[in-house]
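Residue numbers (the working numbering): -12 to 412.
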Amino acid sequence: MESAKTYSIQDAQYSKPVSDHWIDRIAERTVHKLLQRLETGRLSLHDGEQTFEYGDPNAPQELHAVIHVHHASLYRRVLLNGSTGSGEAFMTGAWSSPDLVAVVRVMVANMETLQSMDQQGNPLRRLLSAIYRKATANSLSGSKENISAHYDLSNELFSLFLDQNMMYSSAIFPTPETDLEQAAEYKLHHICERLQLSEQDHLLEIGTGWGGMAIYAAKHFGCRVTTTTISQEQYRYASEWVKREGLEDRITLLLKDYRKLEGQYDKLVSVEMIEAVGHEYYPTFFKQCNNLIKPDGLMLIQAITIADQRYQQALRSVDFIQKYIFPGGSLPSASVIADNLCQHTDMQLVGLEDITLDYAETLRCWRERFFARLDEVKRANFDDTFIRMWDFYLCYCEGGFRERVISTGQFLIAKPGCRQLPSVG
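Here is the structure:
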């Protein structure tokens, strides 16, 4: 699977590097010194008429990153705010790259160097991160605000780059020839099969999205579905879609926080919603899921995870994604999910499938489709700064998945009374 092309928007206000402030000059020297630690991959940094080479000159092409500096503020932002600062500098047009994914891959492949950059500027940044995390905590009211900040941007925007089922989560590509539409539907079918859905089942979905999962399950597996979201825009879109499909008798759509759900269901599914739960609310989430599933039920969670070794450090920081894309977001690790199941439920983890590289390919497809319809994005009143932010977001995630510093998995979980587990394969 090839890396995405670059579609970065350049900012005309920066025509050449400028380094006329002593802070910028100090920052530049410090960043160059840190980049000398690169061991994996290769970085070519073009700053005015100068070119600096770092890392392994024999690195494979996919790990050869190229950066063009358009303004010296890049160095200051990186020095003061690490990888988040590099994203902010990209948003302002202070730097660009012909392959932004390669830049992310090289940096995350040199995690020690990346962490050195992120640790510059302490302890003030730690204090600001703590304040930000508290301000965006996922309480009942906070969750609604956090979800609205991203998912209520514009249904039109998301429809420009998502597949026809409006799945804003990793697809599964069974073959290299599979396209996004096929891969997204394959994922939906796979989830339904893993849950062994039938006409006798009542499925609960926590995190409706735009309704694609619920509609697919009801149409193709005949089950009843109750699905809930706290995004007003997603609720409106899903409601209209359910009506168009004539599925009002099969699908119940709720505008309700998962903590307020009641009743018991045969099966439960939650696709990439746990990232919005917040680490302090994991016990609440898993206890609630446990209470909502019948004694012989099954549950499937598709989750983006962080490596167990990096989980505690991530709790103390705020990265670019949390600050600009998903306020209140946090990634669990696989062991955190397993520990919460052990401590707060009577359920067991009975299957885990890794689909990390499928997410990298999904992001590549989203980005390609997004930039193919850039004129429509602009007509929807999203400016160049937003477009650069979205570019950095998609590349940041794709590079992370390709280097496996973040992962994606489908966790199949069973209640004690479940005797008929799906077969492997």
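Glycine is no exception: its CB is placed at the ideal position from the N, C-alpha and C atoms.
Could you have a look at K174 and say whether DSSP puts it in helix, strand or coil? The answer is helix: DSSP assigns K174 an H, G or I state.
Tell me the rounded alpha-carbon separation between A225 and G28. Their backbone Cα atoms lie some 44 Å apart in a straight line.
Taking the C-alpha atoms as reference points, what is the distance between T71 and I308? I308 has its alpha-carbon roughly 8 Å from the corresponding atom of T71.
Are there 16 or more other CB atoms within 10 angstroms of the CB of Q251, so buried, or fewer, so exposed? Counting other Cβ atoms within 10 Å of its Cβ, Q251 stays below 16 and is therefore classed as exposed.
So what does DSSP say about R211, is it helix, strand or coil? Residue state, collapsed to three classes: strand.
How about D403 and D333: are their beta carbons less than 8 Å apart? The sequence given here has Pro at residue 403, not Asp. Contact: yes.
Rounded straight-line distance, which links the Cα of F272 to that of E26: CA-CA distance, E26 to F272, rounds to 41 Å.
Smallest Cα separation from S73: which of D341, K310, D236, Q397? The shortest C-alpha separation from S73 is found at K310.
Which of the three DSSP states is assigned to H58 in this structure? Looking at H58 - three-state DSSP - the assignment turns out to be coil, as it is neither helix nor strand.
With a threshold of 8 Å on Cβ separation, who are the neighbours of D306 within its own chain once the five nearest residues in sequence on each side are excluded? Counting only Cβ-Cβ distances below 8 Å, and skipping sequence neighbours, we find S70, T71.
Run of the alpha helix (DSSP H) containing P270, from where it starts to where it stops: Element bounds for P270: 269 to 279.
How would you write the range of the beta strand (DSSP E) that F398 sits in, first residue to last? Per DSSP, the unbroken beta strand (DSSP E) holding F398 starts and ends at 393 to 401.
Start and end residues, alpha helix (DSSP H) containing H19: Per DSSP, H19 belongs to the alpha helix (DSSP H) from 9 to 22.
What does R29 pair with, by DSSP beta-bridge criteria? Per DSSP, the beta-bridge partners of R29 are G42, H51.
Give the C-beta separation of V88 and G42 to the nearest angstrom, bearing in mind that I take them to be a contact with Cβ-Cβ under 8 Å. About 16 Å separates the two Cβ atoms, so there is no contact after all.
The beta strand (DSSP E) spanning G338 covers which residue range? Following the DSSP letters along the chain, one finds G338 inside the beta strand (DSSP E) bounded by residues 335 to 341.
Can you tell me which of I288, I374, R389 puts its alpha carbon nearest to the alpha carbon of C179? Of I288, I374, R389, the residue nearest in Cα terms is I288.
L114 (DSSP reduced to helix, strand or coil): Note that L114 scores 48 on pLDDT, short of 50, meaning its location in the model is unreliable; the coordinates nonetheless yield the value given after this. Look at L114 here: in three-state DSSP terms it is helix.
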